[in-house]
Amino acid sequence: MKNIGALNIPELCGNFDKALLQKAAAQFGTPLYVYDLDRITAKYEQLKLAFGGRKAMICYALKANSNLSVIKKMASLESGADCVSLGEIKRAILGGIPKYKIIYSGVGKQEFEIKETLKLGILFINIESKEEMLLVESCAKELGIPARISVRVNPDIDPQTHPYISTGLKENKFGVNLEEAKGIYLYAHNSPYLEPIGIHFHIGSQLTKLKPVSESAQKIAQLTHSLLALKMDIKFFDIGGGIGITYSDETTINPYDYAQAILEELRGLDLTIICEPGRFIVGNSGVFLTKVLYQKEHQGKRFVIVDGAMNDLIRPSLYNAYHQIVPLNAELQETTSADVVGPVCESGDYLGKNISLPPLQSGDILAVLSSGAYGFSMSSNYNTRPRSAEVAIEKGEARLIRRRENFEDLIALEKDYL
Ligand SMILES: *Cc1c(COP(=O)(O)O)cnc(C)c1O
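Quick look at the structure:
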């Protein structure tokens, strides 16, 4: 059984202060997401510094946490954005990210999305198949706007992460293999409507080992050399995101080592590095607060029933992901093992299994740590549950950045059809 630490473990919780969280829960209600914007800033700066002195650009992967206030914070730090839908691109622009720092990725871009992004004039589109490239070309031709592109190359390297978040193996749906990539570049190079200016790989998420990253970078750098030899004007080397974080006791990739490993593989190539971190920036910068409703025991098993559920934070149910869970107002002595479960009608609805928790009372607040990434952004209205509110903490002050949904919000798109 994994043991839980106190809430002041710096790597996990930054400057979250129990009293402040308690106050936020009382003021804004639960379930509640709370993000520490100062910690988000620190993570961004840490990565930026790791690439210090090199031409490098950080494009925050919006899908990890796309709250507009979080995006606005990233924009203020001069971050770019990695987006996987037209909706995310519009969010990035609304949040203040300049269009020329926006990248459009994803395996199933649709024609209207491609056309709109061409009109917007973003940095480039990451191509994921030959067919998609042909569609981008025809859209570019129709609009008379040449498309800047990059090709997502699948290096067929095992990232050693959870199968659901592995993306760089040949059995994964993402990107094209090295051979096919070359063909796409050759075609694009000869098309008046396509400008291949970048090369891209992203092998998975929650990466904790450096070797798969450097091996991938090596393969992609080799391909880049051959493209440059063919006089292609490749300017951007996009290494994707995926840097893992600590949820319990994982040792993760040090940003400095990460940058060094990439730079090592890029020797002799004068390219701008693009890095697309999502989880690394926001994961440990957020907590999910939930209130104890009931407790029960059957056959010696202890259940703590809380007001947060899989619709709010699906990672435990979806990936069997582990999050530390700590009470805000109780000491961690005399703990026993408990499953922390939500009100949703699914046995898979849990936030944690075999979590050490002290005796609790109804009304106590539990903090589910490291919930800033793929938390709210993956939430749903399953069981007609309004999605949680979101709060930002900055310089010791908490403020609402998304109000809690209400019943009216949930039926708004249906009620006129009765
Ligand atoms: C999801 C994704 C990212 C971000 O992944 P993290 O693991 O959150 O850093 C970056 N780039 C692409 C193309 C992605 O699909």
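Residue numbering for the sequence shown follows numbering that gives the first Met the number 0, beginning at 0 and increasing consecutively. Beta carbons: idealized from backbone N, C-alpha and C, even for Gly.
Identity of the residues DSSP links to residue i by a beta bridge
i: residue 406; result: Per DSSP, none; premise fails for residue 406.
i: residue 56; result: 273
i: residue 429; result: Because the chain in this structure spans residues 0 to 417, residue 429 falls outside the shown range and cannot be described.
i: residue 103; result: 82 and 124
i: residue 303; result: 294 and 339
i: residue 199; result: 151 and 237
i: residue 356; result: 335
i: residue 194; result: 147
i: residue 326; result: 365
CA-to-CA distance, residue j to residue i, given in whole angstroms
i: residue 8; j: residue 327; result: Since pLDDT at residue 8 reaches only 47, below the 50 mark, its modelled position is unreliable, and no value is offered.
i: residue 70; j: residue 124; result: 20 Å
i: residue 238; j: residue 371; result: 22 Å
i: residue 62; j: residue 42; result: 17 Å
i: residue 59; j: residue 279; result: 10 Å
i: residue 121; j: residue 94; result: 15 Å
i: residue 33; j: residue 284; result: 8 Å
i: residue 13; j: residue 38; result: With a pLDDT of only 47 at residue 13, under 50, the local geometry of the prediction cannot be trusted, and the value read off the model is given with reservation. If I take the Cα positions, the gap works out to 6 Å.
i: residue 214; j: residue 91; result: 31 Å
i: residue 253; j: residue 229; result: 35 Å
i: residue 350; j: residue 338; result: 8 Å
i: residue 11; j: residue 219; result: Note that residue 11 scores 49 on pLDDT, short of 50, meaning its location in the model is unreliable; the coordinates nonetheless yield the value given after this. Each residue's Cα considered, the two are about 33 Å apart.
i: residue 347; j: residue 116; result: 39 Å
i: residue 29; j: residue 273; result: 38 Å
i: residue 364; j: residue 179; result: 53 Å
i: residue 251; j: residue 417; result: 53 Å
i: residue 409; j: residue 381; result: 11 Å
i: residue 31; j: residue 112; result: 33 Å
i: residue 324; j: residue 305; result: 12 Å
i: residue 234; j: residue 226; result: 11 Å
i: residue 137; j: residue 109; result: 13 Å
i: residue 158; j: residue 173; result: 14 Å
i: residue 206; j: residue 67; result: 26 Å
i: residue 262; j: residue 201; result: 16 Å
Heavy atom of ligand 1 within 7 Å of residue i beta-carbon
i: residue 241; result: yes
i: residue 403; result: no
i: residue 81; result: yes
i: residue 322; result: no
i: residue 372; result: yes
i: residue 279; result: yes
i: residue 205; result: yes
i: residue 154; result: no
i: residue 275; result: yes
i: residue 201; result: yes
i: residue 260; result: no
i: residue 104; result: yes
i: residue 108; result: no
i: residue 172; result: no
i: residue 63; result: yes
i: residue 220; result: no
i: residue 397; result: no
i: residue 60; result: yes
Exposure label - residue i; buried when at least 16 CB within 10 Å
i: residue 266; result: exposed
i: residue 160; result: buried
i: residue 379; result: exposed
i: residue 406; result: exposed
i: residue 298; result: exposed
i: residue 199; result: buried
i: residue 361; result: exposed
i: residue 224; result: exposed
i: residue 3; result: With a pLDDT of 42 at residue 3, under the threshold of 50, the modelled position of that residue is not reliable, and no figure is offered here.
i: residue 413; result: exposed
i: residue 53; result: exposed
i: residue 289; result: buried
i: residue 356; result: buried
i: residue 415; result: exposed
i: residue 296; result: exposed
i: residue 397; result: buried
i: residue 18; result: exposed
i: residue 293; result: exposed
i: residue 81; result: buried
i: residue 100; result: buried
i: residue 311; result: buried
i: residue 0; result: Here the model assigns residue 0 a pLDDT of 34, short of 50, so the residue's position is not dependable and the matter cannot be decided.
i: residue 22; result: exposed
i: residue 243; result: buried
i: residue 151; result: buried
Interface flag, residue i vs chain C, CB-CB below 8 Å
i: residue 245; result: In the displayed structure, chain C is absent; only one protein chain is listed.
What runs of the beta strand (DSSP E), each 3 residues or longer, lie entirely inside the segment 124 to 174? Runs found: 146 to 151.
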